[in-house]
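Numbering (the UniProt record's numbering), first residue to last: 1 to 495.
C-beta atoms are modelled at their ideal positions from N, C-alpha and C, and glycine is treated no differently.
Worksheet: one structure, shown below.
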Ligand SMILES: Cc1cc2nc3c(=O)[nH]c(=O)nc-3n(C[C@H](O)[C@H](O)[C@H](O)COP(=O)(O)OP(=O)(O)OC[C@H]3O[C@@H](n4cnc5c(N)ncnc54)[C@H](O)[C@@H]3O)c2cc1C
Ligand SMILES: NC(=O)c1ccc[n+]([C@@H]2O[C@H](COP(=O)([O-])OP(=O)(O)OC[C@H]3O[C@@H](n4cnc5c(N)ncnc54)[C@H](OP(=O)(O)O)[C@@H]3O)[C@@H](O)[C@H]2O)c1
């Protein structure tokens, strides 16, 4: 491992769901001397921490890449150092809005050794509490270094000079007592990236949009800053996008905004029928913003006097801490929307002592568990099977890239209905194997029939024209979820 070195110290970047399960899996191996989890927020919880108010600067520039919007901070020349607090936007606040509930059945969202307090779909504070408690449950809370941002990750020669590498982390902790940033470095044998990918908002580049934003300050926002429909009372609102955020935001706005709420869609969501729900009017993609304030659509129609445009166009991963120069290659390819030289969405071909948990759009928490266990086992050097040779890993990446380009699908999206998710999890099952006879190491959980049934049949959004087959409709009335009478295409489309 790691060019022959034994891994004794591991750093985890991020204390969301991915960081929580990674810490637990590493601890369970009982071979690492040091496990540290660095989290830039004041507590564990990741995406699920609720920020009541967010800065409007979080909008970002239309068409800008995360590396343009979220560049690295300048690292102090000499460390340790105590410096004035950073003022650069780091996008650390979350996009959780008041009425947000989970949209993945809790059996698939929870880790295998502890369930959510209730489900199948729960308000946002439930996963937040769950993640924080999960650190306590496994006594991994002592690994946490909070209010601490990893600002740089650089490859360094192993101290023993045995030809392998370690990782030097440059860390910045905000100290409220001194109102100062404390900077220092720590070196680890291995690093796991668990820093999430829903922080930096993305807005498409549309003709005239930059000028529109300048001319009408505050009129264009991103769903990252949306908290409640109350803020848009009696306004004429245009929502862009119809994925999970676009759907929730438009539906909630119907209760307060001027009707109809306009929704610009590029493609059809699986839960949509042939016409919008009451109070919403569909429009195609925006083609241009005019200086008069008029908004033109691709079908030649237009809207005047719009008070707010809410871009619900998602997020892009950002890795400002990755020092591409010192590490010899970038980590992320903005153009291709994928990791550079990765394998199985978890490993890195050129860095056996680096891993990533949480990136693929698939089962979330439960699939993070498989990734974390496999990485912990491999770092502990107890995996029953090695990863395939590098040539095979490279062939996997090349083949997937071609196939995804052909199918116009994202590299790190993993499909459920064609068995791809099963095959992906099976890989981790093989590399992890069992723990030891004396109890060290976690074992990957089975993908039970109960869980598969929940994923196939329980939906937060009621697809248009779908019958509810629920015999427990009392609950589904309260939480507005549905048991499908018939299975739908793309059943993991809710994530
Ligand atoms: C609005 C919204 C709703 C969602 N709803 C669902 C849902 O219903 N069900 C579901 O399964 N999934 C949902 N998701 C996906 C959700 O992101 C995952 O469920 C999961 O929480 C991701 O966990 P994570 O640990 O990978 O990332 P995150 O939760 O983002 O955690 C990453 C952590 O890393 C920290 N971090 C980042 N960079 C650094 C750094 N340089 N140094 C130190 N710390 C750093 C962040 O502060 C954060 O705490 C939703 C996402 C969004 C945006
Ligand atoms: N728990 C919940 O209920 C909940 C709520 C919100 C978000 N989430 C999660 O948060 C993550 C992000 O979701 P998200 O909805 O914010 O982002 P998203 O899933 O990435 O969706 C982005 C949306 O923007 C659309 N879009 C992009 N460019 C457009 C353009 N020029 N014109 C019109 N539409 C355009 C996309 O259309 P195409 O489909 O054509 O690409 C898509 O509908 C997901 O994992 C989601 O499940 C969950």
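State the DSSP-derived secondary structure class of residue 472, mapped to helix, strand or coil.
For the purposes of this step, residue 472 is identified with residue 472 of the chain shown, where counting begins at 1. At residue 472 the pLDDT is 40, less than 50, meaning the model places this residue with poor confidence; the figure from the coordinates comes in the next sentence. Coil, per DSSP.
Distance check for residue 82 and residue 148, CA to CA, integer angstroms please.
The count along the chain shown starts at 1 and reaches residue 148 at position 148. The count along the chain shown starts at 1 and reaches residue 82 at position 82. So the alpha carbons of these two residues sit roughly 14 Å apart.
Residue of 351, 295, 315, 313 minimising C-alpha distance to residue 306:
Within the chain shown, residue 306 is the residue found at index 306, counting from 1. Nearest C-alpha to residue 306: 295.
Got a sec, what are the start and stop residues for the alpha helix (DSSP H) residue 130 sits in?
If you number the chain shown from 1, residue 130 lands on position 130. Note, residue 130: alpha helix (DSSP H), 125 to 137.
Beta strand (DSSP E) containing residue 190: first to last residue?
Working through the chain shown from its first residue, we reach residue 190 at position 190. Where residue 190 is concerned, the enclosing beta strand (DSSP E) stretches over 190 to 193.
Under 7 Å, do residue 497 and residue 194 count as touching if we go by C-beta distance?
Here the chain has residues from 1 to 495 only, and residue 497 is not among them.
Among 298, 448, 456, nearest to residue 287 - alpha-carbon criterion:
Locating residue 287 in the chain shown gives position 287, counting from the first residue. In terms of CA proximity to residue 287, 298 leads the group 298, 448, 456.
On the three-state DSSP scale, how would you describe residue 66?
To locate residue 66, count along the chain shown from 1; it is residue 66. Residue 66: helix per DSSP, three-state reduction.
State the DSSP-derived secondary structure class of residue 104, mapped to helix, strand or coil.
Taking the first residue of the chain shown as 1, we reach residue 104 at position 104. Three-state result, residue 104: coil.
Give, in chain order, every unbroken run of the alpha helix (DSSP H) that is at least 4 residues long and sits entirely within the stretch 159 to 226.
Runs found: 209 to 215.
In the DSSP assignment, find the unbroken alpha helix (DSSP H) run with residue 427 in it and report its ends.
Looking up residue 427 in the chain shown gives position 427. Taken as a continuous stretch (DSSP letters only), the alpha helix (DSSP H) holding residue 427 covers 420 to 432.
For residue 457, count neighbouring Cβ atoms within 10 angstroms of its own Cβ and tell me buried if that reaches 16, exposed if not.
As a first step, residue 457 must be located in the chain shown, where it is residue number 457. Per the 10 Å Cβ criterion, buried.
Identity of the residue in 33, 66, 246, 303 nearest residue 292 by Cα
To locate residue 292, count along the chain shown from 1; it is residue 292. Cα-wise, what sits closest to residue 292 is 303.
Which of helix, strand or coil does DSSP assign to residue 7?
Numbered from its first residue, the chain shown carries residue 7 at position 7. Reduced to three states, the DSSP call for residue 7 is coil.
What runs of the beta strand (DSSP E), each 3 residues or longer, lie entirely inside the stretch 332 to 383?
Correct list: 351 to 356.
Could you say which of 90, 382, 105, 380 lies nearest to residue 197 if we only look at CA atoms?
By 1-based counting over the chain shown, the position of residue 197 is 197. Among 90, 382, 105, 380, the Cα nearest to that of residue 197 is on 90.
Between which residues of its own chain and residue 327 is the CB-CB distance below 7 Å, once the five residues before and five after are set aside?
Taking the chain shown and counting its residues from 1, the one referred to as residue 327 is at position 327. The beta carbon of residue 327 sits closer than 7 Å to those of 154, 155, all from its chain and outside the five residues before and after it, given in chain order.
Do the stretch 344 to 358 and the stretch 248 to 266 make contact, defined as three or more Cβ pairs closer than 8 Å?
no
Between the stretch 382 to 399 and the stretch 123 to 133, can you find at least three pairs of beta-carbon atoms closer than 8 Å?
no
Would the C-beta of residue 527 count as close to ligand 1, meaning under 6 Å from any of its heavy atoms?
This structure leaves residue 527 out entirely; the chain is present only between 1 and 495.
First and last residue of the alpha helix (DSSP H) that includes residue 394?
Indexing the chain shown from 1 puts residue 394 at position 394. It spans 390 to 407 - the alpha helix (DSSP H) in which residue 394 sits, taken as one unbroken run.
Where do the ends of the alpha helix (DSSP H) carrying residue 21 lie?
Your numbering for residue 21 matches position 21 in the chain shown. From DSSP, the alpha helix (DSSP H) with residue 21 extends over 17 to 29.
Rank 106, 185, 450, 428 by C-alpha distance to the C-alpha of residue 80 and give the top, closest one.
Taking the first residue of the chain shown as 1, we reach residue 80 at position 80. For residue 80, the nearest C-alpha among the options comes from 185.
Name the DSSP beta bridge partners of residue 315, please?
Taking the chain shown and counting its residues from 1, the one referred to as residue 315 is at position 315. According to DSSP, which records beta bridges pairwise, residue 315 is partnered with 201.
I'd like to check one pair, residue 444 with residue 373: are the Cβ atoms closer than 7 Å?
Sequence index remark: in the chain shown, residue 373 carries index 373 (1-based). Sequence index remark: in the chain shown, residue 444 carries index 444 (1-based). For residue 373 and residue 444, yes; Cβs fall inside 7 Å.
Could you tell me which residues DSSP pairs with residue 310 in its beta bridges?
The count along the chain shown starts at 1 and reaches residue 310 at position 310. DSSP output for residue 310 lists 221, 239 as bridge partner(s).
Under the criterion of a Cβ to heavy atom distance below 6 Å, does residue 109 qualify as lining ligand 1?
Stepping through the chain shown from its first residue, residue 109 is reached at position 109. Flag set: Cβ of residue 109 near ligand 1.
Rounded to whole angstroms, what's the CA-CA distance from residue 179 to residue 173? Just pull it up for me.
Looking up residue 179 in the chain shown gives position 179. Looking up residue 173 in the chain shown gives position 173. When rounded, the separation of the alpha-carbon atoms in residue 179 and residue 173 is 10 Å.
Measuring straight from C-alpha to C-alpha, what distance separates residue 430 and residue 230?
As a working mapping, residue 430 is identified with position 430 in the chain shown. As a working mapping, residue 230 is identified with position 230 in the chain shown. Each residue's Cα considered, the two are about 51 Å apart.
Measuring only the C-alpha atoms, how far is residue 239 from residue 51?
Here residue 239 is taken as the residue at index 239 of the chain shown, counted from 1. Here residue 51 is taken as the residue at index 51 of the chain shown, counted from 1. Their Cα atoms are separated by approximately 22 Å.
Pick from 146, 438, 371 that is closest to residue 343, judged by C-alpha positions
For the purposes of this step, residue 343 is identified with residue 343 of the chain shown, where counting begins at 1. Selected option, being the one with the closest Cα: 371.
Thinking just about the alpha-carbon of each residue, which of 94, 102, 189 is nearest to the one in residue 164?
As a first step, residue 164 must be located in the chain shown, where it is residue number 164. Nearest C-alpha to residue 164: 189.
Is DSSP giving residue 325 helix, strand or coil here?
Taking the first residue of the chain shown as 1, we reach residue 325 at position 325. Here residue 325 sits in helix by DSSP.
Helix, strand or coil: which one does DSSP assign to residue 35?
Indexing the chain shown from 1 puts residue 35 at position 35. Three-state DSSP puts residue 35 in a strand.
Under the DSSP definition of a beta bridge, which residues are partnered with residue 157?
Residue 157 sits at position 157 when you count from the first residue of the chain shown. Beta bridge pairing from DSSP links residue 157 with 165.
In whole angstroms, give me the CA-to-CA distance for residue 364 and residue 346.
Numbered from 1 along the chain shown, position 364 holds the residue referred to as residue 364. Numbered from 1 along the chain shown, position 346 holds the residue referred to as residue 346. A direct Cα-Cα distance of roughly 14 Å separates residue 364 from residue 346.
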